[in-house]
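**Student:** Here it is: the structure, laid out below.
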Amino acid sequence: MRRRFNTVVCRFIRGAGARRRVRRWATPLACVVLLLSFFWTHTLADSYAPRQSVLRVLAWPGYADDDWVRAFEKRFHARVEVTFVDSDEALWARMHSAEPQPFDVLAANTAEIERYARAGMLTVLDLSRIPNRRWQQAYFQRLASIRGLVDAGHAYAIPFTYSSMGLIYDRKQIAVAPRSMRALWDPQYRGKVLDFNSAQHNFSFAALALGYADPFHLTPEQMRTVARELVRLRRNLLTYYTLPEEATEQFVQHHVALMFGNYGTQQVEQLRQAGVDVGYVIPDEGALAWLDCWAITRNASNPALAYEWINAMLAPDIGKQLTKRQGLANTMTPVPGDAASEASGAGPHLVWIQPVENIGQREALWQRIESGDRLRSFPQ
């Protein structure tokens with residue numbers, strides 16, 4: 555009896571010890587199990603949860619306003635990353651830079667679109683995925699009639715906005731609107747002229763001023779003549795500008811009299827908002843005009859969202875806001891200088907920009923001109 559009692563007591567003691575050991579480890583073990591369960595559950599949830607789409611846009615200032623971007627993000631549950639550029643050269647450099655992710659959609663003029671398409675950097679567009687094209691003027695819907703947008707029957711870009719590159723002048727200093735681009739060289743405006751910092755456009759508008767029939771394909775002799783004219787133009791220049799905001803600041807601060815308006819009516823609107831009484835004119839020789847278009851890059855990581863972006867940018871309300879805010883024409887309004895207007899003798903003479911004969915040569919010469927090389931260093 556005593557032996558049995560001792561056995562039971564020993565078993566109880568051993569059991570009590572085991573129970574104490576279990577109780578001692580139970581709480582920490584339960585915590586570990588709960589933590590593992592939490593992390594496992596959330597890892598699975600994250601792996602199956604839909605990730606937010608990202609659209610990378612490469613464009614000019616005014617083409618992707620904050621409220622447009624927010625509305626697009628909300629509608630498509632996406633994030634839009636916008637990168638702005640201030641020149642065609644900067645756009646080209648961005649497209650060739652070592653970006654961690656490729657851009658999905660870009661805005662460029664027709665000459666650059668042709669250049670990008672030939673380089674194999676754009677994707678062929680499925681026009682059925684851009685239904686808002688129906689709001690555009692018929693001229694802009696006939697893509698094949700606009701050089702640079704269609705190749706071998708395939709469309710690579712959709713028109714978005716355009717502007718002429720005319721002359722902007724201060725009405726207080728110039729009472730009568732200038733009739734020719736040659737006014738930029740007039741000695742009475744010495745130190746009171748602004749010019750856009752671009753090799754391609756400067757050579758082309760100077761070629762127009764000299765009366766050359768094709769300002770985009772200059773002969774070697776014409777190229778030398780234009781280069782010397784651009785050197786002579788420096789005598790009248792206050793400075794070169796890149797962005798329209800920069801030009802507005804310079805125009806106001808230094809009482810500029812005359813400017814080559816690379817951004818055209820957009821700059822006119824900004825200057826008027828700044829309180830300057832400016833006029834705008836298309837010279838008799840004609841004015842260069844750019845037509846900026848949306849295109850999808852060949853390496854786009856989110857082409858479906860890129861189509862939605864282009865379609866959204868062609869909505870009538872966006873077009874109206876573009877004109878109101880930026881002073882730029884939209885593709886839903888009649889085109890000044892289109893084929894019908896020119897045939898009837900009405901409207902200004904616009905020369906849509908084209909790819910040039912030799913970009914490298916123009917840029918090399920422009921670097922010398924812009925940096926101040928003297929006239930005698932340029933052969934006749």
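In this text, residue positions in the sequence shown follow this note's numbering: the first is 555, and each later residue adds one. In this text, a Cβ means the ideal position worked out from N, Cα and C, and glycines have one as well.
1) List the endpoints of the continuous beta strand (DSSP E) containing Met-813.
2) Could you check which residue in Asn-865, Gln-915, Gly-881 has the C-alpha nearest to that of Pro-685?
3) What whole-angstrom Cβ distance do Trp-863 and Val-611 have, given they're in contact under 8 Å?
4) Going by beta-carbon coordinates alone, are Phe-759 and Met-735 separated by less than 8 Å?
5) Checking the sheet assignment: what are the DSSP bridge partners for Pro-713?
6) So, for Tyr-834: in the same chain, excluding its five sequence neighbours on each side, which residues have a beta-carbon less than 6 Å away from its beta-carbon?
7) For the ligand NAP, is there any heavy atom lying closer than 7 Å to the beta carbon of Arg-786?
8) Am I right that Ala-945 and Phe-638 are in contact with their C-beta atoms under 8 Å? What's the rounded C-beta distance?
9) According to the neighbour-count rule (16 or more other Cβ atoms, all chains shown, within 10 Å of its Cβ), is Lys-878 buried or exposed?
10) If you run the structure through DSSP and keep just helix, strand and coil, what is Thr-885?
11) With a 10 Å radius around its C-beta and 16 neighbouring C-beta atoms as the bar for buried, classify Asn-912 as buried or exposed.
12) Since I believe Tyr-710 is in contact with Leu-660 (beta carbons under 8 Å), could you give me their beta-carbon distance rounded to a whole number of angstroms?
13) Can you find at least 3 beta carbon pairs, one from the stretch 664–681 and one from the stretch 844–852, that sit closer than 8 Å?
14) Should Pro-933 go down as buried or exposed, given a rule of 16 or more other Cβ atoms within 10 Å for buried?
15) Taking the continuous beta strand (DSSP E) assigned at Glu-635, which residues delimit it?
16) Do you know whose CA, among Gly-702, Leu-825, Asn-790, Asn-751, lies nearest Asp-640's CA?
17) Can you give me the C-alpha to C-alpha distance between Leu-919 and Leu-792, rounded to a whole angstrom?
18) Determine the DSSP secondary structure at Leu-703, reduced to helix, strand or coil.
19) So which of Leu-929, Gly-914, Arg-788 has the shortest CA-CA distance to Leu-738?
20) Identify the continuous alpha helix (DSSP H) that holds Phe-694 and give its terminal residues.
21) Would you mind giving the Cβ-Cβ distance between Met-867 and Gln-691, rounded to the nearest angstrom? I have them listed as a contact below 8 Å.
22) Alpha carbons only, please: which of Asp-740, Arg-688, Ala-706, Tyr-817 is nearest the one belonging to Tyr-716?
23) Are the stretch 723–731 and the stretch 806–814 in contact at 8 Å, needing three or more beta carbon pairs?
24) On the criterion of 16 or more Cβ atoms from any shown chain inside 10 Å, does Gly-707 qualify as buried, or is it exposed?
25) For the stretch 716–749, which segments carrying the alpha helix (DSSP H) assignment without a break, of at least 4 residues, lie completely within its bounds, in sequence order?
26) Where do the ends of the beta strand (DSSP E) carrying Leu-764 lie?
27) Give the C-beta separation of Glu-917 and Ala-753 to the nearest angstrom, bearing in mind that I take them to be a contact with Cβ-Cβ under 8 Å.
28) Look at the alpha carbon of Pro-656 and the alpha carbon of Thr-664, and state the distance between them as a whole number of angstroms.
29) Throw me the rounded Cβ distance for the Val-780 and Ala-801 pair, which I believe falls under 8 Å.
30) Figure out for me which residue from Asp-831, Gly-815, Val-785, Gln-875 has the closest Cα to the Cα of Ser-925.
31) How would you call Asp-699, buried or exposed, if buried means at least 16 neighbouring beta carbons within 10 angstroms?
32) Judging by CA-CA distance, which residue of Ala-662, Glu-666, Pro-713, Arg-669 is the nearest neighbour of Leu-681?
33) Run the CB neighbour count on Leu-588, radius 10 Å, all protein chains shown included, and call it buried at 16 or more, exposed below.
34) Can you tell me the Cα-Cα spacing of Ile-872 and Ser-931, whole angstroms?
35) Does DSSP classify Asn-856 as helix, strand or coil?
36) Compare the C-alpha of Gln-695 against each of His-903, Ile-907, Pro-888, Gln-915 and name the closest.
**Tutor:** If we stick to the structure as given:
1) What you label residue 813 is simply residue 259 of the sequence shown in a count that begins at 1. Per DSSP, Met-813 belongs to the beta strand (DSSP E) from 812–814.
2) Position 131 of the sequence shown, counted from the first residue, corresponds to residue 685. The option with the nearest alpha carbon to Pro-685 is Asn-865.
3) Position 309 of the sequence shown, counted from the first residue, corresponds to residue 863. Position 57 of the sequence shown, counted from the first residue, corresponds to residue 611. With 8 Å as the limit, Trp-863 and Val-611 qualify as a contact, their Cβ atoms being about 7 Å apart.
4) Translated into positions along the sequence shown, residue 759 becomes position 205. Translated into positions along the sequence shown, residue 735 becomes position 181. It is a contact, given that the beta carbons lie within the stated cut-off.
5) Along the sequence shown, one-based indexing puts residue 713 at 159. Answer by DSSP bridge pairing, in chain order: Cys-847.
6) For the purposes of this step, residue 834 is identified with residue 280 of the sequence shown, where counting begins at 1. Same-chain partners within the cutoff: Gly-720, Ile-722, Val-822.
7) This structure simply doesn't include the ligand NAP, nor any ligand for that matter.
8) Limits of the chain in this structure are 555 at one end and 934 at the other, which puts residue 945 out of reach.
9) Here residue 878 corresponds to residue number 324 of the sequence shown, with the count starting at 1. That one is exposed.
10) Within the sequence shown, numbered from 1, the residue matching residue 885 stands at position 331. It is coil, neither helix nor strand.
11) Counted from its first residue, the sequence shown places residue 912 at position 358. When all chains shown are included, Asn-912 counts as exposed.
12) Mapped onto the sequence shown, residue 660 falls at position 106. Mapped onto the sequence shown, residue 710 falls at position 156. With a Cβ gap of about 11 Å, Leu-660 and Tyr-710 do not count as contacting.
13) yes
14) Counting from 1 along the sequence shown, the entry for residue 933 is found at position 379. Flag for Pro-933 reads exposed.
15) The residue labelled residue 635 in the question sits at position 81 within the sequence shown. Looking at the DSSP string, the run of the beta strand (DSSP E) that includes Glu-635 is 632–638.
16) Reading the sequence shown from its first residue, position 86 is the one you call residue 640. With distances taken between Cα atoms, Asp-640 lies closest to Asn-751.
17) Along the sequence shown, one-based indexing puts residue 919 at 365. Along the sequence shown, one-based indexing puts residue 792 at 238. Near 20 Å, if we compare the C-alpha coordinates of Leu-792 and Leu-919.
18) As a first step, residue 703 must be located in the sequence shown, where it is residue number 149. Of the three classes helix, strand and coil, the one that applies to Leu-703 here is coil, per DSSP.
19) Numbered from 1 along the sequence shown, position 184 holds the residue referred to as residue 738. Checking every option, the nearest Cα to that of Leu-738 belongs to Arg-788.
20) Walking along the sequence shown from the start, residue 694 turns up at place 140. Counting along the chain, the alpha helix (DSSP H) containing Phe-694 begins and ends at 692–695.
21) Position 313 of the sequence shown holds residue 867. Position 137 of the sequence shown holds residue 691. Actually they are not in contact, since the Cβ atoms of Met-867 and Gln-691 sit about 16 Å apart, beyond 8 Å.
22) Numbered from its first residue, the sequence shown carries residue 716 at position 162. Residue Tyr-817 is the option with its Cα nearest to Tyr-716.
23) yes
24) Working through the sequence shown from its first residue, we reach residue 707 at position 153. When all chains shown are included, Gly-707 counts as exposed.
25) none
26) Working through the sequence shown from its first residue, we reach residue 764 at position 210. Note, Leu-764: premise wrong, no beta strand (DSSP E); not H, not E.
27) Residue 917 sits at position 363 when you count from the first residue of the sequence shown. Residue 753 sits at position 199 when you count from the first residue of the sequence shown. At roughly 4 Å, the Cβ-Cβ gap stays under 8 Å, so Glu-917 and Ala-753 are in contact.
28) Residue 656 sits at position 102 when you count from the first residue of the sequence shown. Residue 664 sits at position 110 when you count from the first residue of the sequence shown. Looking at the two C-alpha atoms, the distance is approximately 21 Å.
29) Sequence index remark: in the sequence shown, residue 780 carries index 226 (1-based). Sequence index remark: in the sequence shown, residue 801 carries index 247 (1-based). At roughly 23 Å, the Cβ-Cβ gap does not stay under 8 Å, so Val-780 and Ala-801 are not in contact.
30) For the purposes of this step, residue 925 is taken as residue 371 along the sequence shown, with counting starting at 1. Residue Val-785 is the option with its Cα nearest to Ser-925.
31) Here residue 699 corresponds to residue number 145 of the sequence shown, with the count starting at 1. Note on residue identity: the sequence assigns Ser, not Asp, to residue 699. Ser-699 comes out exposed.
32) Translated into positions along the sequence shown, residue 681 becomes position 127. That would be Pro-713, whose Cα lies nearest to the Cα of Leu-681.
33) To locate residue 588, count along the sequence shown from 1; it is residue 34. Below a pLDDT of 50, predicted positions are generally treated as unreliable, and Leu-588, at 44, falls in that range; no measurement from the model is reported.
34) Counting from 1 along the sequence shown, the entry for residue 872 is found at position 318. Counting from 1 along the sequence shown, the entry for residue 931 is found at position 377. Taking the straight line from one Cα to the other gives about 49 Å.
35) For the purposes of this step, residue 856 is identified with residue 302 of the sequence shown, where counting begins at 1. It is coil, neither helix nor strand.
36) Looking up residue 695 in the sequence shown gives position 141. Ranking the options by Cα distance to Gln-695, first place goes to Pro-888.
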